[in-house]
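>
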Amino acid sequence: MSENADKLLIDIGSTYFKLSTKDHIEQHFRDFNKDILDDLLHHCGSTINSYAKEDVHICSSANGGLNTLIIGVTNTYSLKYATNIAFNSGINIIDTILYQNIEDYSVPSDLIDVVIIVGTIDACVGTFSQSLYDYLDKLEYSNIVFVGSEQDAPVIKAKIEKVVVLPNIIDHKLHIVEDHLKQYLTNLYQQDIEGKEDIKHLYDITANQIYPTPYIVNRALPMIDARYSVVNPFILLDIGGATTDIHYSKDLVDENIVTKNEFDRLVFKKLGVYKSKQSLIFTAKNNEFVYELLMHLKVTENIFNEQGEKATKILMQLAIFLVLCKISHYRKDYINLKFLTINSFVLTGGITKVLNTAEIEDIVSFFYKKILNSEHRPKVVLDSNYDIWTLGTKGEESSQ
Amino acid sequence: MKVVTGVVGNDIHVVANRLIDLSLRARGFEVFNLGVNTYLEEFFDACVETGADVLLISSLNGEAEGWGREVKGLKAKYKHLDDLIMMIGGNLVVGSGNAEDIVPRYKKYGFDLVCHQIDLNTGLDTLEAFIEKRNS
Numbered sequence: 372m373s374e375n376a377d378k379l380l381i382d383i384g385s386t387y388f389k390l391s392t393k394d395h396i397e398q399h400f401r402d403f404n405k406d407i408l409d410d411l412l413h414h415c416g417s418t419i420n421s422y423a424k425e426d427v428h429i430c431s432s433a434n435g436g437l438n439t440l441i442i443g444v445t446n447t448y449s450l451k452y453a454t455n456i457a458f459n460s461g462i463n464i465i466d467t468i469l470y471q472n473i474e475d476y477s478v479p480s481d482l483i484d485v486v487i488i489v490g491t492i493d494a495c496v497g498t499f500s501q502s503l504y505d506y507l508d509k510l511e512y513s514n515i516v517f518v519g520s521e522q523d524a525p526v527i528k529a530k531i532e533k534v535v536v537l538p539n540i541i542d543h544k545l546h547i548v549e550d551h552l553k554q555y556l557t558n559l560y561q562q563d564i565e566g567k568e569d570i571k572h573l574y575d576i577t578a579n580q581i582y583p584t585p586y587i588v589n590r591a592l593p594m595i596d597a598r599y600s601v602v603n604p605f606i607l608l609d610i611g612g613a614t615t616d617i618h619y620s621k622d623l624v625d626e627n628i629v630t631k632n633e634f635d636r637l638v639f640k641k642l643g644v645y646k647s648k649q650s651l652i653f654t655a656k657n658n659e660f661v662y663e664l665l666m667h668l669k670v671t672e673n674i675f676n677e678q679g680e681k682a683t684k685i686l687m688q689l690a691i692f693l694v695l696c697k698i699s700h701y702r703k704d705y706i707n708l709k710f711l712t713i714n715s716f717v718l719t720g721g722i723t724k725v726l727n728t729a730e731i732e733d734i735v736s737f738f739y740k741k742i743l744n745s746e747h748r749p750k751v752v753l754d755s756n757y758d759i760w761t762l763g764t765k766g767e768e769s770s771q
Numbered sequence: 282m283k284v285v286t287g288v289v290g291n292d293i294h295v296v297a298n299r300l301i302d303l304s305l306r307a308r309g310f311e312v313f314n315l316g317v318n319t320y321l322e323e324f325f326d327a328c329v330e331t332g333a334d335v336l337l338i339s340s341l342n343g344e345a346e347g348w349g350r351e352v353k354g355l356k357a358k359y360k361h362l363d364d365l366i367m368m369i370g371g372n373l374v375v376g377s378g379n380a381e382d383i384v385p386r387y388k389k390y391g392f393d394l395v396c397h398q399i400d401l402n403t404g405l406d407t408l409e410a411f412i413e414k415r416n417s
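From first to last, the protein sequence lines are chains W and D. Those letters in the first sequence? Residues 372 to 771, per the working numbering, in order. Those letters in the second sequence? Residues 282 to 417, per the working numbering, in order.
Right, dumping it as structure tokens:
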């Protein structure tokens, strides 16, 4: 644990909450019949009450983040850049639309938290036409932002009610400009967290801003050497009850995106071992290697119907395997990491309380052998004392 | 006039790419240089994002032959690139070949202008003449 002298750090997850003081870390399973604050005070009221509000720092991933629909004019630039910025702002993408084919796309029935419209450099004009406005008329959304050509902005502003216009995310050299959109999306995420009734009450015990947990973890990565002997390039997996976050060095992807961040992150919203358990099992049953993996672990698929420590362990191991598949050439989701150049796997979150290093190494080696046909074995590092989280919170404090 | 240029496929001939960039600028074109190792979709996408008038693909190691076959099919997927001037130049085959065979082949692939082993300035003169003719 990092030396945050007389600070109390709290992480609210979907399944557990964690408290870190300068002396110890404690973790409690959440009581879903209770308000988060009541639950926290029930378990650790005396600890919390012994700190001033200014010394309490809270982060949360319990609310799962926002949904986005991105409308862009090409896959290589506008859609890719906006998707990258959205992921790095902690947003869950629900869909992307290639504008030239907008009439062929169905309209999502769910309410979209934020629609992003992007396309062409500032020198272009007349990129969007009536088909965009017709589509938006049918769509239900809470926020809409335009980050395309500045010459198109006046028309967009006139045609779309309540649209927020920000500087173009594509510069005149076709490079990404992420700051404005990233700040806008991060603020929306913050407002979403703060707006949730449960989270609102947490401001009774802290005078500091409540941050999304993936944001805090991402901030810690450049400083990770301070706690662990991690060899670059590395990936970090945060497997929790509802979601799985992956943070990875940019050296591991071939991209035409050049940004200031050294690390990108991806959030798989329905891949967790508690709240998202059924969706995890569904994904597992659709993976042709999973039955072989279950045999390797000496269990049958009946384990999916079981409860208890052993079943949780197996689910955690499956979650590691499935998430690695999703970011490899086998099931390319959004990225295809260069697995053969990864030197370290760092694992944080609830998984570190369930699996030991050998059990994780076993899955990693199964993945490399079956999917990549390789003997490469990166080093596995377990962040079992939530050092990465405390390191990130500390970084956030010092930057304020 | 806007030109998107770059070297197609797994080809790292950056010097020729830089010379094309400089020569185009010297002639007053606005250049979007995607550099070496560029895939076809990136070329077309860059044309959409920049509103380019010309796509000038170069190839030095003969890889264009393989990529060229994909051009027509891929371009057909784009709804607003009908007026794009398509040009390719460099060493367009592996080994030796003569322009009489190569030029018609690449025109069939969908290129308006094909410059096989032609001096850069001559190639760009051809481009300017083509543009002038089209605009007249």
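Ideal placement from N, C-alpha and C gives every residue a C-beta, glycine not left out. Just so it is clear, the structure is predicted and the values come from calculations on it, not from any experiment.
Note down, in chain order, all residues in the stretch 302 to 322 of chain D with a beta-carbon under 7 Å from any beta-carbon belonging to chain B.
As a matter of chain content, chain B is missing from the structure shown, whose protein chains are W and D.
> Check whether the stretch 309 to 326 of chain D touches the stretch 456 to 470 of chain W, taking contact to mean three or more Cβ pairs, one atom from each stretch, closer than 8 Å.
Segments in contact, no.
> So for W:S373, helix, strand or coil by DSSP?
By 1-based counting over the first sequence, the position of residue 373 of chain W is 2. In this predicted model, W:S373 has a pLDDT of only 41, less than 50, meaning its place in the structure is not dependable enough to derive any value.
> Would you identify the three-state DSSP class for D:M282, choosing helix, strand or coil?
In the second sequence, residue 282 of chain D corresponds to position 1, counting from 1. Coil, per DSSP.
> Applying the criterion that 16 or more other CB atoms from any shown protein chain within 10 Å of the CB defines a buried residue, is W:D754 buried or exposed?
Indexing the first sequence from 1 puts residue 754 of chain W at position 383. Classification for W:D754: buried.
> Quick one, are the C-beta atoms of W:D563 and W:L411 less than 7 Å apart?
Taking the first residue of the first sequence as position 1, residue 563 of chain W is located at position 192. Taking the first residue of the first sequence as position 1, residue 411 of chain W is located at position 40. Not in contact: W:D563 and W:L411 (Cβ atoms no closer than 7 Å).
> For a contact defined as C-beta to C-beta under 7 Å, what are the partners of W:I492 on chain D?
By one-based count along the first sequence, residue 492 of chain W stands at place 121. Ordered by position in chain D, the residues that pass the 7 Å Cβ test against W:I492 are E330, T331.
> Thinking C-alpha only, which one of W:S385, W:E568, W:L664 is nearest W:I740?
Position 369 of the first sequence, counted from the start, is the residue given in the question as residue 740 of chain W. Correcting the residue type first, residue 740 of chain W is Lys in the shown sequence and not Ile. That would be W:L664, whose Cα lies nearest to the Cα of W:K740.
> Buried or exposed for D:I301, please, with buried defined as at least 16 other CB atoms from any protein chain shown within 10 angstroms of its CB.
Counting from 1 along the second sequence, the entry for residue 301 of chain D is found at position 20. Buried.
> Counting only Cβ pairs nearer than 9 Å, list the residues of chain W close to D:A297.
The count along the second sequence starts at 1 and reaches residue 297 of chain D at position 16. Going along chain W, no residue has its Cβ under 9 Å from D:A297, so there is no contact; the nearest lies around 20 Å.
> With W:T439 as the anchor, note down where its alpha helix (DSSP H) starts and where it stops.
By one-based count along the first sequence, residue 439 of chain W stands at place 68. Not the alpha helix (DSSP H): W:T439 falls in the beta strand (DSSP E), residues 438 to 443.
> Name the chain W residues that come within less than 9 Å of D:K360, Cβ to Cβ?
For the purposes of this step, residue 360 of chain D is taken as the residue at position 79 of the second sequence. Within 9 Å Cβ-Cβ: Q471, N472.
> In chain order, what residues of the stretch 418 to 447 of chain W put their CB closer than 8 Å to some CB of chain D?
The stretch 418 to 447 of chain W vs chain D, Cβ under 8 Å: V444, T445, N446, T447.
> Out of W:V485, W:D382, W:K393, W:Y506, state which residue places its alpha-carbon closest to the alpha-carbon of W:S432.
Here residue 432 of chain W refers to the residue found at position 61 when the first sequence is read from its first residue. Nearest C-alpha to W:S432: W:D382.
> Suppose only complete runs of 4+ residues qualify. What are the alpha helix (DSSP H) ranges in the stretch 468 to 553 of chain W, listed by chain order?
DSSP runs (the alpha helix (DSSP H)) wholly in the stretch 468 to 553 of chain W: 501 to 509, 524 to 530.
> Which residues in chain D have a C-beta closer than 8 Å to the C-beta of W:L503? List them in chain order.
As a working mapping, residue 503 of chain W is identified with position 132 in the first sequence. Chain D residues near W:L503: none, gap ~14 Å exceeds 8 Å.
> Just list the residues that DSSP pairs D:L405 with in beta bridges.
Indexing the second sequence from 1 puts residue 405 of chain D at position 124. Looking at the DSSP assignment, D:L405 forms no beta bridge with any residue, so it has no partner.
> For D:V284, does the count of other Cβ atoms within 10 angstroms reach 16, so buried, or fall short, so exposed?
On the second sequence, position 3 is the one that residue 284 of chain D refers to. Looking at its Cβ environment, which holds 16 or more other Cβ atoms inside 10 Å, D:V284 is buried.
> Comparing C-alpha positions only, which one of W:D481, W:Y504, W:I492, W:V485 sits nearest to W:I473?
Your numbering for residue 473 of chain W matches position 102 in the first sequence. Taking only the C-alpha atoms, the option nearest W:I473 is W:Y504.
> List the whole-angstrom C-beta distance separating W:V548 from W:N514, where the pair is believed to meet the contact cut-off of C-beta under 8 Å.
Taking the first residue of the first sequence as 1, we reach residue 548 of chain W at position 177. Taking the first residue of the first sequence as 1, we reach residue 514 of chain W at position 143. 20 Å between Cβ atoms; not a contact.
> Grab me the residues of W:V735's own chain with a C-beta within less than 8 Å of its C-beta, minus the 5 sequence neighbours each way, in chain order.
Translated into the one-based positions of the first sequence, residue 735 of chain W becomes position 364. Contacts found: I691, L695, F716, R748, P749, V751.
> For W:S391, which residues in chain D fall below 8 Å Cβ to Cβ?
On the first sequence, residue 391 of chain W is found 20 positions in, with the first residue counted as 1. The contacting residues do not exist; W:S391 stays about 46 Å from chain D at best.
> Mind checking whether W:A655 and W:L608 have CB atoms under 7 Å apart?
In the first sequence, residue 655 of chain W corresponds to position 284, counting from 1. In the first sequence, residue 608 of chain W corresponds to position 237, counting from 1. The answer is no: Cβ separation not under 7 Å.
> W:T386 by DSSP, collapsed to three states: which one?
Translated into the one-based positions of the first sequence, residue 386 of chain W becomes position 15. DSSP places W:T386 in coil when its eight states are reduced to three.
> Quick check on DSSP: helix, strand or coil for W:P593?
Here the question's residue 593 of chain W lines up with position 222 in the first sequence. Note: W:P593 maps to helix in three-state DSSP.
> Nearest-angstrom Cα distance between D:N342 and D:N379?
As a working mapping, residue 342 of chain D is identified with position 61 in the second sequence. As a working mapping, residue 379 of chain D is identified with position 98 in the second sequence. If I take the Cα positions, the gap works out to 16 Å.
> Nearest CA to the CA of W:L507: which residue from W:L537, W:N539, W:E521, W:Y470?
By 1-based counting over the first sequence, the position of residue 507 of chain W is 136. For the residues W:L537, W:N539, W:E521, W:Y470, the minimum Cα distance to W:L507 belongs to W:Y470.
> Any C-beta of chain W sitting closer than 7 Å to the C-beta of D:D326?
Counting from 1 along the second sequence, the entry for residue 326 of chain D is found at position 45. It does: the Cβ of D:D326 has a partner Cβ on chain W nearer than 7 Å.
> Which whole-angstrom value is the C-beta distance of W:S745 and W:L711, which I expect to be below 8 Å?
To locate residue 745 of chain W, count along the first sequence from 1; it is residue 374. To locate residue 711 of chain W, count along the first sequence from 1; it is residue 340. So it is a contact: roughly 6 Å between Cβ atoms.
> Within the continuous beta strand (DSSP E) that includes D:I366, where are the two ends?
Here residue 366 of chain D corresponds to residue number 85 of the second sequence, with the count starting at 1. Element bounds for D:I366: 366 to 371.
> Assuming the contact rule is C-beta atoms closer than 8 Å, W:G416 and W:G490 should be a hit. Round their C-beta distance to whole Å, please.
The count along the first sequence starts at 1 and reaches residue 416 of chain W at position 45. The count along the first sequence starts at 1 and reaches residue 490 of chain W at position 119. Not confirmed; about 53 Å, so no contact.
> Okay, do the stretch 284 to 294 of chain D and the stretch 332 to 340 of chain D touch, 3+ Cβ pairs below 8 Å being the bar?
Touching, yes.
> Where W:N375 and W:M594 are concerned, what is the direct C-alpha to C-alpha distance, given to the nearest angstrom?
Residue 375 of chain W sits at position 4 when you count from the first residue of the first sequence. Residue 594 of chain W sits at position 223 when you count from the first residue of the first sequence. Residue placement at W:N375 is poorly supported in this model, since its pLDDT is 47, which falls under 50; the coordinates still yield a value, given next. So the two alpha carbons sit approximately 15 Å from each other.
> According to DSSP, W:Y582 sits in a beta bridge with which residue or residues?
Position 211 of the first sequence, counted from the first residue, corresponds to residue 582 of chain W. Answer is W:C430.
> Taking buried to mean at least 16 other C-beta atoms within 10 Å of its own C-beta, is W:T671 buried or exposed?
Here residue 671 of chain W refers to the residue found at position 300 when the first sequence is read from its first residue. It is exposed - the Cβ of W:T671 has fewer than 16 other Cβ atoms within 10 Å.
> What residues in its chain sit with their C-beta under 6 Å from that of D:V352, if we drop five residues either side in the sequence?
Here residue 352 of chain D corresponds to residue number 71 of the second sequence, with the count starting at 1. Here the set comprises Y390, G391.
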